[in-house]
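What follows is a single structure, written as structure tokens, with notes after it.
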Amino acid sequence: MAGNTILGISPGTRYIGVAVLRNGDLHDWKVKSYKGTWSDEKLNKAVGYIEKLIISHVISHIACKVPHDSRSSQGVNAIIEKIKLIAREYKIKFELYTIDDLKNLFKMHFANRYILSEHVTRRYPELTNIFLRERKNKHKYHIRVFEALAAGLFCHSMIK
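Count the sequence shown with the working numbering and you get residues 1362 to 1521, in order.
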């Protein structure tokens, strides 16, 4: 496939948000959940899912949103390290972005991830339904999709 295909990822030990951008257009998005306590099996399932996406979408770049140090864990760090190894194996460019990087993308100072998801939804109206559903959720399940997409957008803005 011609052009740049970016896989945006927002990793977590329970949920992983992904978004696939092809030349800036949103082609796929999902939150994948992994229940149970952290284990090598859970790590391998999560990374295996990412590898399937890399192959099926012919990914050229991976943009990974890293959690703040206070919200990170050994499990999240292990996921990120494994994804880095896979990116190297497939010769895919791999970038890490902080929440501050993502805030700078929209050139706005916003206080929370909800505002980030609102900005992303304005750009991709096909996400309106999950954005509205997320507003009502006590536990923010889909927020990782918005973070993954914002990371992908940041990467896209750097390579175009």
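The beta carbon of each residue, even a glycine, is placed where N, CA and C say it ideally should be.
> Per DSSP, A1424 forms a beta bridge with which residues?
Replying inline: G1369, E1456
> When the distance is taken between beta carbons, is W1399 closer than 8 Å to G1373?
Replying inline: no
> Would you say the segment 1488-1499 touches the segment 1453-1464, given that touching needs at least three Cβ pairs under 8 Å?
Replying inline: no
> So who's on the other strand from W1390, going by DSSP bridges?
Replying inline: A1380
> At which residues does the alpha helix (DSSP H) containing K1396 begin and terminate?
Replying inline: The continuous stretches of alpha helix (DSSP H) do not include K1396, and DSSP gives it neither H nor E.
>> The alpha helix (DSSP H) that contains Y1451, what's its start and end?
In response: Where Y1451 is concerned, there is no enclosing alpha helix (DSSP H), given that its DSSP letter is neither H nor E.
>> Rounded to the nearest angstrom, what separates N1473 and V1419 at their Cα positions?
In response: 32 Å
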